[in-house]
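S.K.: Take a look at this one; I'll ask things after.
Chains as they are written, first to last, in our numbering: chain C, 3 to 122; chain A, 7 to 152.
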C-alpha cells in the first residue's frame, strides 16, 4: 500500500518536473530566437539552461529511482551549475571586447567604466 | 505518463528548432555559439525524456558526456573569437558570391590599367631626367671649352 502510493507519487512528481523543464527549454528557444541583442539572448539562454536541466534530471531521477543513476544525474547537475556561469562570463566578455553588443541597450556598463579608469 | 512525455517532447523539439533557426541567421559567431548551447541543452533534455519513458538507466552516461562537450565547445568559441566587421562571418549566397567575384575581377583589371599608366609616367620621367642630365653635361662641356 505504502510502496504503491510512493511509486505513483514519484511518477506524478516526475511528470510535473519533466513538464516544467521542457517548458523552460521551449522558453529558451523562444528567447534565443526573439530577443534583439546578444546579451539579452544570453539572459534567455543561461537561466533555463540551468533550471530546466535541473528539473528534467530531477524528473528522470524520480522516474528511475536507482542509486547509481541518481548519483550520475547529480553529477550532471553539479557540472551544469559549475560550468554555466563560466561559459556565460566568457561569452559576455568576448562580446564586450569585440564590440558585438549594442551599448544603448544597457542600463549599467561597469566593464566600459573600469576600462576607462584603467586608461586614466 | 506517455501523454506527458509527448507534450514534453514537442516542447523540447520546438525549442531546439528555434535554436537551429537562430544559429542559421545569427549575425555573429557568438550568437551561433549561444544558440548551439541551447541545442545541446535540448538534446540533453530529449535524451532524458527518452530515458524517463523507457526507464532506461544505461543512457545516463550519455547525459554526462553531452554536458561536458557542450561546455567545452562554448568556451573554446568564446575564447578564440576575434573582432571582425559586422556581416563578415555570414555565409554568402550564390548570387552574392558571384557579385563579390565580379567586383574582385573588375578591381584587378582597374589595377592593371593603373600599372600601365604608372609605367608610362615612369618612362617619360626617366627620359626627361636623362635629357636634362645630358643637357647639363653639354652646357658644362661648352663652358669648359669656351
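For each residue, glycine too, the CB sits at the ideal point set by N, CA and C.
Using a Cβ cut-off of 8 Å (strictly closer), state whether residue 54 (chain C) contacts chain A.
M.R.: As a first step, residue 54 (chain C) must be located in the first chain, where it is residue number 52. Yes, contact with chain A.
S.K.: In chain order, what residues of the same chain lie with their CB nearer than 7 Å to the CB of residue 151 (chain A), ignoring the 5 residues before and after it?
M.R.: For this step, residue 151 (chain A) is matched to residue 145 along the second chain. Reliability of the predicted coordinates at residue 151 (chain A) is poor, the pLDDT of 46 falling under 50, and the value obtained from them is presented with this limitation in mind. Taken in chain order, the list of residues that qualify is empty.
S.K.: Within its chain, find whatever has a CB closer than 7 Å to the CB of residue 131 (chain A); leave out the 5 residues flanking it on each side and keep chain order.
M.R.: The count along the second chain starts at 1 and reaches residue 131 (chain A) at position 125. At residue 131 (chain A) the pLDDT is 49, less than 50, meaning the model places this residue with poor confidence; the figure from the coordinates comes in the next sentence. Counting only Cβ-Cβ distances below 7 Å, and skipping sequence neighbours, we find nothing.
S.K.: If you draw a straight line from the alpha carbon of residue 83 (chain A) to that of residue 115 (chain C), how long is it in whole angstroms?
M.R.: Walking along the second chain from the start, residue 83 (chain A) turns up at place 77. Walking along the first chain from the start, residue 115 (chain C) turns up at place 113. About 26 Å.
S.K.: Which class does residue 83 (chain C) belong to by DSSP, given the choice of helix, strand or coil?
M.R.: For the purposes of this step, residue 83 (chain C) is taken as the residue at position 81 of the first chain. Three-state DSSP puts residue 83 (chain C) in a helix.
S.K.: May I have the straight-line CA-CA distance separating residue 58 (chain C) from residue 20 (chain A), to the nearest angstrom?
M.R.: Stepping through the first chain from its first residue, residue 58 (chain C) is reached at position 56. Stepping through the second chain from its first residue, residue 20 (chain A) is reached at position 14. Residue 58 (chain C) and residue 20 (chain A) have their alpha carbons spaced roughly 16 Å apart.
S.K.: On a Cα-Cα basis, can you pick out the residue from C:51, C:37, C:66 that is closest to residue 81 (chain C)?
M.R.: Residue numbering aside, residue 81 (chain C) sits at position 79 when the first chain is read from its first letter. Checking every option, the nearest Cα to that of residue 81 (chain C) belongs to C:51.
S.K.: Should residue 8 (chain A) go down as buried or exposed, given a rule of 16 or more other Cβ atoms within 10 Å for buried?
M.R.: Indexing the second chain from 1 puts residue 8 (chain A) at position 2. The residue in question, residue 8 (chain A), is exposed, as its Cβ has fewer than 16 Cβ neighbours within 10 Å.
S.K.: For residue 36 (chain C), I'd like the list of residues in its chain whose CB is within less than 6 Å of its CB, leaving aside the five on either flank, ordered along the chain.
M.R.: Working through the first chain from its first residue, we reach residue 36 (chain C) at position 34. Excluding residues within five positions, none has a Cβ falling inside 6 Å.
S.K.: Below 8 Å, how does it come out for the segment 19-39 of chain A and the segment 39-46 of chain C: are there three or more Cβ pairs, yes or no?
M.R.: yes
S.K.: Look at the alpha carbon of residue 109 (chain C) and the alpha carbon of residue 71 (chain C), and state the distance between them as a whole number of angstroms.
M.R.: The residue given as residue 109 (chain C) occupies position 107 in the first chain. The residue given as residue 71 (chain C) occupies position 69 in the first chain. About 44 Å.
S.K.: What whole-angstrom Cβ distance do residue 62 (chain C) and residue 57 (chain A) have, given they're in contact under 8 Å?
M.R.: By one-based count along the first chain, residue 62 (chain C) stands at place 60. By one-based count along the second chain, residue 57 (chain A) stands at place 51. With 8 Å as the limit, residue 62 (chain C) and residue 57 (chain A) qualify as a contact, their Cβ atoms being about 6 Å apart.
S.K.: With 8 Å as the threshold, decide whether the Cβ of residue 6 (chain A) is near any Cβ in chain C.
M.R.: This structure cannot speak to residue 6 (chain A), because chain A is shown only from 7 to 152.
S.K.: Please classify residue 131 (chain A): does DSSP put it in a helix, a strand, or coil?
M.R.: As a working note, residue 131 (chain A) is residue 125 in the second chain. A caution first: residue 131 (chain A) carries a pLDDT of 49, below 50, which makes its placement in the model unreliable, though a value can still be read off. Helix.
S.K.: Can you tell which of C:106, C:113, C:83 has the C-alpha that lies nearest to the C-alpha of residue 94 (chain C)?
M.R.: The sequence position of residue 94 (chain C) within the first chain is 92, counting from 1. Selected option, being the one with the closest Cα: C:113.
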